[in-house]
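> Input: one structure, supplied below.
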């Protein structure tokens, strides 16, 4: 069984801004629980981590990290949680701030973090066979591991969670911050800048991303964000493994946030719908189909399409509930619809985890017409809560939501191919037809009930990748 060290910039339950944290919080647990690998995790020690976790951390080492001409101090802490050992790298200058991203020196901060990961290895009571780094913030750790060889024969894997965010630095930062020979410059440079995402892709032994379809998409210009040629060069080392969800946490049978717990019961779902309608001020009509969206209001999530079809769709006997915050255009547009169609639409401009769970439990359909979606977790949660997803066929949405076919009885949702509002409206209207046919609706729900996306299957695939990587090293000796 191999020793795997995960490195990333966020992880539940300590610090989270998005789906990356969920993956780093859940995948190691699945690997250890299934006895597939020995996994430990190393993270920045942000000041924003809640005090309850800081109080449990034990300092185990202190060491300098060279950043250009400066010696920045680093302290290494250790914490055990849910059978996983977590390490944290402390530096007050870089990590004792409000929020974890969005600073002018983010590039320098994660150069420091990546170098500190490498410098910390001698102090761990653990010798990693594989360093598994996630997204651009940890991409430089893969590069430094490849160049500096801190552990004999240690292999590297780099996982791309979203290629849009790449970690760009001015090219002069190579001499100012990196402290490695100039001959390695080309492994970091891309289009006149230093690119942390590129460095991870270039230096890693294997590259993964978070769905098989996204692994294919990012080799093309529309999705590759300028790195598609590099990914085509490395396509023999690139694979896609779909994310899972924590099915103990997202479990409608025991979710403490929802009014009526259930497994497959539509009667209980209607009880949840009735309670939600009362709470948010919609007419109490448990038999009226409810469509929900829970997301950041940004173009990537397909909200331009939703804007275009709402007026037409709200002519139907339906209810639409949208929960989230984001760009002003979408907040104002959805608020206008809610004000002008108060019997049919509610717009909730906030994010509240408990309310989100209540929406999943109450709704009949979940809207996720993304422009691109590396994996997506929301459609997996909706299936877990027996809410039928309506998605665009991109990335992980294509891999997890299969279009319902009323003639063969196959499929667990609705999907459309092109980024086109009319195609979205067509699928939403088709979903209404299926909803109002008892026989077809029951067939669809049986398929939804069979949809399973725990981390176990994904963990097995990662374990196979670790095994193959170790075998390739043995063969090369």
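Numbering (this note's numbering), first residue to last: 66 to 542. In this text, a Cβ means the ideal position worked out from N, Cα and C, and glycines have one as well.
#1: Who are the near neighbours of residue 526 in its chain, counting only those whose CB is closer than 7 Å to its CB and skipping five residues on each side?
#2: Give me, in chain order, the residues of the same chain whose beta-carbon lies closer than 8 Å to that of residue 136; leave out the 5 immediate sequence neighbours on both sides.
#3: Can you tell me the Cα-Cα spacing of residue 197 and residue 213, whole angstroms?
#4: Note down the Cα distance separating residue 267 from residue 350, rounded to an integer number of angstroms.
#5: Might you give, ordered along the chain, the residues of its own chain that have their beta carbon closer than 8 Å to the beta carbon of residue 126, omitting 5 neighbours on each side?
#6: Residue 280 bridges to which residues according to DSSP?
#7: Contact defined as beta carbons within less than 8 Å: I believe residue 462 pairs with residue 456. What is the distance between those atoms, to the nearest angstrom?
#8: Alpha carbon to alpha carbon, how far is residue 502 from residue 416?
#9: Of all the options 385, 81, 302, 418, which has the alpha carbon lying nearest to the alpha carbon of residue 409?
#10: Is there contact here, the segment 244-258 with the segment 272-282, by at least three beta-carbon pairs under 8 Å?
#11: Compare the C-alpha of residue 480 against each of 432, 439, 77, 300 and name the closest.
#12: Reducing DSSP to helix, strand and coil, say where residue 204 ends up.
#13: Leaving aside the five residues before and after residue 436 along the sequence, list all residues of the same chain whose C-beta is less than 7 Å from its C-beta, in chain order.
#14: Cα separation between residue 170 and residue 176?
#15: For residue 553, which of helix, strand or coil comes out of DSSP?
#16: Please classify residue 504 as buried or exposed, where buried requires at least 16 neighbouring CB atoms within 10 angstroms.
#17: The alpha helix (DSSP H) spanning residue 421 covers which residue range?
#18: Classify residue 134: buried if its beta carbon has 16 or more other beta carbons within 10 angstroms, exposed otherwise.
#19: Report back the beta-carbon spacing between residue 107 and residue 70 to the nearest angstrom; my notes put them in contact at under 8 Å.
#20: Are three or more beta carbon pairs between the segment 463-474 and the segment 336-346 nearer than 8 Å?
#21: What number of angstroms, rounded off, separates the C-alpha of residue 541 from the C-alpha of residue 324?
Looking at the coordinates:
#1: So the list reads 306, once near-sequence residues are dropped.
#2: Answer for residue 136: 129, 130, listed in chain order.
#3: Whole-angstrom Cα-Cα distance: 16 Å.
#4: When the Cα atoms are used, residue 267 and residue 350 turn out to be separated by approximately 56 Å.
#5: By the criterion of a C-beta distance shorter than 8 Å, residue 126 is surrounded in its chain by 140, 141, 185, 188, once the five residues flanking it on both sides are discounted.
#6: Answer is none; residue 280 lacks a bridge partner.
#7: In this structure, residue 462 and residue 456 form a Cβ contact; the two beta carbons are roughly 4 Å apart against a cut-off of 8 Å.
#8: Taking C-alpha positions only, residue 502 is separated from residue 416 by approximately 34 Å.
#9: Closest by alpha carbon: 385.
#10: With the cut-off at 8 Å, the segment 244-258 and the segment 272-282 do not touch.
#11: Comparing Cα-Cα distances from residue 480 to each of 432, 439, 77, 300, the minimum goes to 432.
#12: Reduced to three states, the DSSP call for residue 204 is helix.
#13: Counting only Cβ-Cβ distances below 7 Å, and skipping sequence neighbours, we find 364, 365, 367, 484.
#14: Going by the C-alpha atoms only, they are around 10 Å apart.
#15: The question about residue 553 has no answer here: the residues shown for the chain are numbered 66 through 542.
#16: That one is exposed.
#17: Boundaries of the alpha helix (DSSP H) around residue 421: 418-427.
#18: By the neighbour-count criterion, in which 16 or more other beta carbons inside 10 Å mark a residue as buried, residue 134 falls on the exposed side.
#19: 6 Å between Cβ atoms; contact.
#20: Under the 8 Å Cβ criterion, the segment 463-474 does not count as touching the segment 336-346, having fewer than three qualifying pairs.
#21: Caution applies to residue 541, whose pLDDT of 49 falls short of 50 and renders its modelled position unreliable; the model cannot decide the point.
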